[in-house]
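Just below is one structure, and these are the notes that go with it.
2 protein chains.
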Amino acid sequence: MPFRELITAELAKLLGALSHHDRLLILEELYQGEREVKALQKKLGISHSRVSQHLSLLRTHKVVTERRQGRHVFYRLIDPEISQWVMSALRFIEFRLQHTDEILSAVEDARNLWLSPQAPKKNEPAPRKLIYIPGRQGESEPPTQNEA
Amino acid sequence: MPFRELITAELAKLLGALSHHDRLLILEELYQGEREVKALQKKLGISHSRVSQHLSLLRTHKVVTERRQGRHVFYRLIDPEISQWVMSALRFIEFRLQHTDEILSAVEDARNLWLSPQAPKKNEPAPRKLIYIPGRQGESEPPTQNEA
DNA sequence: GCATAATGTTAAAATATATTAATATCATCA
DNA sequence: TGATGATATTAATATATTTTAACATTATGC
Numbered sequence: 005m006p007f008r009e010l011i012t013a014e015l016a017k018l019l020g021a022l023s024h025h026d027r028l029l030i031l032e033e034l035y036q037g038e039r040e041v042k043a044l045q046k047k048l049g050i051s052h053s054r055v056s057q058h059l060s061l062l063r064t065h066k067v068v069t070e071r072r073q074g075r076h077v078f079y080r081l082i083d084p085e086i087s088q089w090v091m092s093a094l095r096f097i098e099f100r101l102q103h104t105d106e107i108l109s110a111v112e113d114a115r116n117l118w119l120s121p122q123a124p125k126k127n128e129p130a131p132r133k134l135i136y137i138p139g140r141q142g143e144s145e146p147p148t149q150n151e152a
Numbered sequence: 005m006p007f008r009e010l011i012t013a014e015l016a017k018l019l020g021a022l023s024h025h026d027r028l029l030i031l032e033e034l035y036q037g038e039r040e041v042k043a044l045q046k047k048l049g050i051s052h053s054r055v056s057q058h059l060s061l062l063r064t065h066k067v068v069t070e071r072r073q074g075r076h077v078f079y080r081l082i083d084p085e086i087s088q089w090v091m092s093a094l095r096f097i098e099f100r101l102q103h104t105d106e107i108l109s110a111v112e113d114a115r116n117l118w119l120s121p122q123a124p125k126k127n128e129p130a131p132r133k134l135i136y137i138p139g140r141q142g143e144s145e146p147p148t149q150n151e152a
């Protein structure tokens, strides 16, 4: 497996590009549809320069792309399913968050927003494939697994 | 959505914990089964201290857990499906890697290793749910999406 | 038991990367 | 051209990573 290292490195870079609070919010926002920098800036409450830097990084990592229209630049996800993919990781963190009802319901909200088939509120582009499989029916076996 | 920030921050932390070449290799390795530090050290070709520190970080983020036996410490994935989840992101980077046949086949190898139902070679713990959906049949619509 | 080797963990220091905020530059359109 | 919006650059600060070394624990041989 000669290029396994390369693949792992690429994956690590992608994960690194996404491992930022603001950038995840941008992902969430862009999952709803195209947005210009100004809109993202308002939504996130950070400077436009910072938004631009985040977008630049996401562009570098081929997560987003843009479309120019006059002086407006609209950003969008290259593959909107990356958003679903990220959110499908909710299952790996929810046990950390399952403390208050408020947080639990926020997790539900997030899941509905990002993972339900009717996710994009208005004028949705197309029905999306579900990646997340709710529930943990496969929880029977203790993960002792095998030896090498 | 009051705790959305919290959820996004948690997700970002998880992604951050995984966004390292060595740690992804550890994930891959542990997907095969329990491993002691020494084995990981040999496999990755890095210092045992570094392995231990990586494992410590993964432990902090509840990705792995350990079992002690004498002077050996065996690590395993808390939820082996996290490994599949990470590898299902291959689709988001493969267009960057699709250059040589060698790389392409390495991607295939990686996919087979991590995502095929019979993934763990020997004495597999249980049939695993597939998260990755091969192919891109939903590629018809240009992602113009909707406006807010 | 005692010394020694094997296995892991931890801490501290050095290095490398990432983030931020401020500023500068560039492009577009009225 | 002037106003606006977007991007690039920079420098400072903060985080992460790596290395080295010290430490703890368990097994083994005498």
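These protein sequence lines are chains A and B, in that order.
Position one of the first sequence corresponds to residue 5 (this note's numbering), numbered consecutively onward.
Position one of the second sequence corresponds to residue 5 (this note's numbering), numbered consecutively onward.
Glycine included, every Cβ here is placed at the ideal spot set by N, Cα and C.
* Could you pull the start and end residues of the beta strand (DSSP E) that R80(A) belongs to? => 76-81
* Output yes if chain B places a C-beta closer than 8 Å to the C-beta of T12(A); else output no. => yes
* **Cβ contact (3+ pairs, closer than 8 Å) linking the region 34-50 of chain B and the region 26-37 of chain A** => no
* Are the region 72-83 of chain A and the region 58-77 of chain B touching, with three or more C-beta to C-beta distances below 8 Å? -> no
* Is the CB-CB distance between V55(A) and L62(A) below 8 Å? -> no
* To do: Measuring only between beta-carbons, confirm whether K46(B) sits less than 8 Å from chain A.
  => no
* Starting from the beta carbon of G20(A), find every residue of chain B whose beta carbon is closer than 7 Å, and list them in chain order. => S23
* Beta carbon proximity, L15(B) to chain A, threshold 8 Å -> yes
* CA nearest to the CA of E32(A), picked from S87(A), F96(A), R100(A) -> S87(A)
* If we count the other Cβ atoms within 10 Å of its Cβ and call it buried at 16 or more, is H58(A) buried or exposed? -> buried
* Asked: Taking Cβ-Cβ distances shorter than 7 Å, what residues in chain B pair up with L28(A)?
  -> T12, L15, A16
* Asked: Taking C-beta to C-beta, are A16(B) and H25(A) nearer than 8 Å?
  -> Going by C-beta atoms, A16(B) is nearer than 8 Å to H25(A).
* To do: Return helix, strand or coil for G37(B), following the three-state DSSP convention.
  => Correct three-state label for G37(B): coil.
* To do: Can you say whether S92(A) is buried or exposed, counting buried as having 16 or more other CB atoms within 10 angstroms of its CB?
  => buried
* Examine chain A for any beta-carbon lying closer than 8 Å to the beta-carbon of S60(B), and answer yes or no. => no
* List the whole-angstrom C-beta distance separating H11(A) from E14(B), where the pair is believed to meet the contact cut-off of C-beta under 8 Å. => Contrary to the premise, residue 11(A) reads as Ile rather than His in this sequence. Their Cβ separation, rounded to whole angstroms, is 27 Å, which puts I11(A) and E14(B) out of contact at 8 Å.
* **Span of the beta strand (DSSP E), counted from its first residue to its last, around V68(A)** => 68-73
* If the cut is a Cβ gap below 7 Å, which residues of chain B does I50(A) touch? -> Simply none; closest approach about 13 Å.
* If you measure from the beta carbon of V55(B) to each beta carbon in chain A, is any gap under 8 Å? -> no
* To do: Could you tell me which of R8(A), L28(A), L94(A) sits nearest to L28(B), measuring between CA atoms?
  => Nearest option by C-alpha distance: R8(A).
* Asked: Does any CB atom of chain B fall closer than 8 Å to the CB of N150(A)?
  -> Residue placement at N150(A) cannot be trusted, given a pLDDT of 42 that sits under 50; the coordinates are not used to answer.
* Going straight from the alpha carbon of S60(B) to that of S23(B), what length do you get? -> Approximately 15 Å between the Cα atoms of the pair.
* Asked: What is the residue span of the alpha helix (DSSP H) that G20(A) lies within?
  -> 8-22
* Consult DSSP for I50(A) and reduce its assignment to one of helix, strand or coil. => DSSP places I50(A) in coil when its eight states are reduced to three.
* Asked: Which first and last residues belong to the alpha helix (DSSP H) in which S87(A) is found?
  -> Element bounds for S87(A): 85-91.
* Let me know the secondary structure DSSP gives H65(B) once reduced to three states. => Coil at H65(B), not helix or strand.
* R72(A) burial status per 10 Å Cβ neighbour count (16 or more: buried) -> exposed
* **CB contact flag (L19(A), L94(B), <8 Å)** => The answer is no: Cβ separation not under 8 Å.
* Distance, H76(A) Cα to K46(A) Cα -> 15 Å
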